[in-house]
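Numbering (the working numbering), first residue to last: 19 to 165. Worksheet for the structure shown next.
Here is the structure:
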């Protein structure tokens, strides 16, 4: 007995409509998501601090990255910023009192320019201590050079 394969392709008759495809091609979606992930990985470190500060170098180990409460920056001219907001001269204590508190207070990240006088940095830390904010992290750049 011979079978005839004729003009049928895949068991469909000529002129019949195709059935809708039930599979979704996710490759373009994954490609777009990977590109967005790379963009966010590159831009996220640039968004953390808006005040340009020339940080000192240190060989200390990096802390675990956890959400910081408040970032205080002191630029090369000695101007103080809370997050990205400039603080008026003599108004630092009042600005610290206005910070939201919970438990031991917010975690403070202190960024100070390397060219600053040691006394200026200690004055900022003294005001933080006086305001009851004792959880302070000092930010530096990593370095391989020993002092």
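Glycine is no exception: its CB is placed at the ideal position from the N, C-alpha and C atoms.
Determine the burial state of residue i: buried for a count of at least 16 other Cβ atoms within 10 Å of its Cβ, exposed for fewer.
i, result
"residue 91", "buried"
"residue 107", "exposed"
"residue 131", "buried"
"residue 114", "buried"
Looking at residue i: is its Cβ nearer than 7 angstroms to the Cβ of residue j?
i, j, result
"residue 117", "residue 156", "no"
"residue 150", "residue 121", "no"
"residue 125", "residue 153", "yes"
"residue 89", "residue 72", "no"
"residue 158", "residue 40", "no"
On the DSSP letters alone, give me the boundaries of the beta strand (DSSP E) that residue i sits inside.
i, result
"residue 156", "154-156"
"residue 35", "Element bounds for residue 35: n/a, residue is neither H nor E."
"residue 128", "126-130"
"residue 92", "88-92"
"residue 98", "98-100"
Please work out which residues of its chain come closer than 8 angstroms, Cβ to Cβ, to residue i, disregarding the five sequence neighbours upstream and downstream, and give them in chain order.
i, result
"residue 110", "98, 142 and 145"
"residue 134", "92, 94 and 96"
Start and end of the alpha helix (DSSP H) containing residue i?
i, result
"residue 44", "Taken as a continuous stretch (DSSP letters only), residue 44 belongs to no alpha helix (DSSP H), as it is neither H nor E."
"residue 116", "Unbroken run through residue 116: none, as it is neither H nor E."
"residue 151", "Careful: residue 151 lies outside any alpha helix (DSSP H) and carries neither H nor E."
Can you find the residues in the same chain that come closer than 6 angstroms, C-beta to C-beta, to residue i, ignoring five residues on each side of it along the sequence?
i, result
"residue 87", "124 and 125"
Query raised in the report: Would you call the region 56-64 and the region 92-107 in contact, with 3 or more CB pairs under 8 angstroms?
Result: no
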